[in-house]
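Each remark here refers to the structure printed beneath this line.
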Amino acid sequence: DTGVSQNPRHKITKRGQNVTFRCDPISEHNRLYWYRQTLGQGPEFLTYFQNEAQLEKSRLLSDRFSAERPKGSFSTLEIQRTEQGDSAMYLCASSSITTEAFFGQGTRLTVV
Amino acid sequence: GIQVEQSPPDLILQEGANSTLRCNFSDSVNNLQWFHQNPWGQLINLFYIPSGTKQNGRLSATTVATERYSLLYISSSQTTDSGVYFCAVFRDDKIIFGKGTRLHILP
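As given, the protein sequences belong to chains A and G, one line each in that order. Under our numbering, residue 327 is the last one in the first sequence; the count climbs by one each step, no gaps. Under our numbering, residue 1258 is the last one in the second sequence; the count climbs by one each step, no gaps.
Right, dumping it as structure tokens:
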């Protein structure tokens, strides 16, 4: 296992389009997190899964955002009707109950 | 919610200098990590340190959980140490980040 993998690495989309990002966690990790990071800021928590259950969602996650982890393995984050304010780096992390969290390389979204 | 404050926000040093980065948190935490974010945006794990002291080469970290702070020490800085250093605390199944310290090491 080579770590947390995110795809795509970069995405440019027109305002109003839908986008979907994928995260493949470290295989033995049951916890998966999504974060958003804008320029000059620290990563902000979006949502968290334990196995396939989505246990918490930030109020930053508007109804245009949805995340799934269908079989407790990979996860997807979808943004509908993208807005320019959605431009950011989207980061995924995984961990187990007793281990540190590892982050993927991120997906950089640009909405034009 | 819990607040995580990092200081200083920016630090400029000559190569070879030592530095200390601080992380204060407002409530008890389950755990704490230090990360280095590289120029491409990836967060690199440095330390997973709920309490005590750990060392890895030129880097070491100390967390005093009872006093709600952690320190990251970088000795004999190199230009490759440049970047943003984040402290992140584990609380209620979330990982909460500070705003980071941006370190510039000049050759």
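Built from N, CA and C at the ideal position, the CB exists for glycine as well.
message: Per the DSSP calculation, threonine 1230 of chain G is bridged to which residue(s)?
response: The residue given as residue 1230 of chain G occupies position 79 in the second sequence. Within the DSSP secondary-structure output, threonine 1230 of chain G pairs in no beta bridge.
query: For tyrosine 263 of chain A, which residues of its own chain have a beta-carbon under 6 angstroms away from its beta-carbon, when the five flanking residues on both sides are left out?
result: The residue you call residue 263 of chain A lines up with position 48 of the first sequence. Correct list, in chain order: Tyr248, Leu270 and Glu271.
- prompt: If we call anything under 9 angstroms between Cβ atoms a contact, is phenylalanine 1248 of chain G one with tyrosine 1220 of chain G?
  reply: In the second sequence, the residue the question calls residue 1248 of chain G occupies position 97. In the second sequence, the residue the question calls residue 1220 of chain G occupies position 69. No, Cβ-Cβ distance for phenylalanine 1248 of chain G and tyrosine 1220 of chain G is not below 9 angstroms.
field: Listed by chain order, chain G residues near glycine 321 of chain A by CB distance under 8 angstroms
entry: Along the first sequence, one-based indexing puts residue 321 of chain A at 106. Chain G residues near glycine 321 of chain A: Gly1192 and Gln1193.
message: Restricting to Cα atoms, I'd like to know which of A:Thr297, A:Ile294, A:Ser288 and A:Arg323 is closest to glutamate 243 of chain A.
response: In the first sequence, residue 243 of chain A corresponds to position 28, counting from 1. That would be A:Ser288, whose Cα lies nearest to the Cα of glutamate 243 of chain A.
Three-state secondary structure assigned by DSSP to alanine 303 of chain A: Locating residue 303 of chain A in the first sequence gives position 88, counting from the first residue. Secondary structure at alanine 303 of chain A: strand, using DSSP grouped into helix, strand and coil.
message: Cβ closer than 7 angstroms: which chain G residues qualify as neighbours of alanine 316 of chain A?
response: Within the first sequence, residue 316 of chain A is the residue found at index 101, counting from 1. Under the 7 angstroms cutoff, chain G gives Gln1184 and Ile1246.
- request: Taking only beta-carbon positions, decide if asparagine 1175 of chain G is within less than 9 angstroms of chain A.
  value: Counting from one through the second sequence, the residue named residue 1175 of chain G turns up at place 24. No, asparagine 1175 of chain G lies away from the interface with chain A (no Cβ there is under 9 angstroms from its Cβ).
- request: Could you run through the stretch 279 to 300 of chain A and flag, in chain order, every residue whose CB is less than 9 angstroms away from some CB of chain G?
  value: Of all residues in the stretch 279 to 300 of chain A, none has a Cβ within less than 9 angstroms of some Cβ in chain G.
- request: Scan the stretch 241 to 258 of chain A for residues whose Cβ lies nearer than 7 angstroms to a Cβ of chain G and list them as they occur along the chain.
  value: Along the stretch 241 to 258 of chain A, going in chain order, the ones with a CB nearer than 7 angstroms to a CB of chain G are Tyr248, Gln256, Gly257 and Pro258.
field: C-beta neighbour in chain G for glutamate 267 of chain A, strict 9 angstroms
entry: Against the first sequence, residue 267 of chain A aligns to sequence position 52. No - not a single Cβ of chain G is within 9 angstroms of the one on glutamate 267 of chain A.
- prompt: In chain A, what lies closer than 7 angstroms to glycine 1251 of chain G by C-beta?
  reply: For the purposes of this step, residue 1251 of chain G is taken as residue 100 along the second sequence, with counting starting at 1. Those within 7 angstroms of glycine 1251 of chain G in chain A are Gly257.
- request: Using the Cα positions of isoleucine 1200 of chain G and threonine 1252 of chain G, report the straight-line distance between them to the nearest angstrom.
  value: For the purposes of this step, residue 1200 of chain G is taken as residue 49 along the second sequence, with counting starting at 1. For the purposes of this step, residue 1252 of chain G is taken as residue 101 along the second sequence, with counting starting at 1. Cα to Cα, isoleucine 1200 of chain G sits roughly 18 angstroms from threonine 1252 of chain G.
message: Is there a C-beta anywhere in chain G that falls below 9 angstroms from the one on leucine 306 of chain A?
response: Your numbering for residue 306 of chain A matches position 91 in the first sequence. Cβ-Cβ to chain G under 9 angstroms: yes for leucine 306 of chain A.
- prompt: Going by other Cβ atoms of all chains shown within 10 Å of its Cβ, with 16 needed for buried, is tryptophan 1185 of chain G buried or exposed?
  reply: In the second sequence, residue 1185 of chain G corresponds to position 34, counting from 1. Classification of tryptophan 1185 of chain G: buried, given that the 10 Å Cβ count is 16 or more.
- request: Please report how far the alpha carbon of serine 220 of chain A lies from the alpha carbon of glycine 319 of chain A, in whole angstroms.
  value: For this step, residue 220 of chain A is matched to residue 5 along the first sequence. For this step, residue 319 of chain A is matched to residue 104 along the first sequence. In this structure, the straight-line span from the alpha carbon of serine 220 of chain A to that of glycine 319 of chain A is close to 5 angstroms.
message: My output table needs one value for alanine 1168 of chain G: the three-state DSSP class, helix, strand or coil.
response: Walking along the second sequence from the start, residue 1168 of chain G turns up at place 17. Note: alanine 1168 of chain G maps to coil in three-state DSSP.
Sequence-distant residues of its chain with Cβ nearer than 6 angstroms to alanine 1216 of chain G (five each side left out): Your numbering for residue 1216 of chain G matches position 65 in the second sequence. If you ignore the 5 residues before and after alanine 1216 of chain G, its C-beta comes within less than 6 angstroms of the C-beta of Ser1202, all in its own chain and listed in chain order.
field: Spatially closest choice to leucine 1223 of chain G from G:Ser1170, G:Asn1181 and G:Asn1189, by CA coordinates
entry: As a working note, residue 1223 of chain G is residue 72 in the second sequence. Answer by Cα proximity: G:Ser1170.
- request: With DSSP collapsed to three states, give me the class of glutamate 1218 of chain G.
  value: Sequence index remark: in the second sequence, residue 1218 of chain G carries index 67 (1-based). Three-state DSSP puts glutamate 1218 of chain G in a helix.
task: Starting from the Cα of arginine 237 of chain A, find the closest Cα among A:Ser309, A:Glu315, A:Pro223 and A:Ser273 and give me that residue.
output: Locating residue 237 of chain A in the first sequence gives position 22, counting from the first residue. When only C-alpha atoms are compared, the closest one is A:Pro223.
Threonine 235 of chain A - DSSP class collapsed to helix/strand/coil: The count along the first sequence starts at 1 and reaches residue 235 of chain A at position 20. In this structure, threonine 235 of chain A counts as strand in the three-state DSSP scheme.
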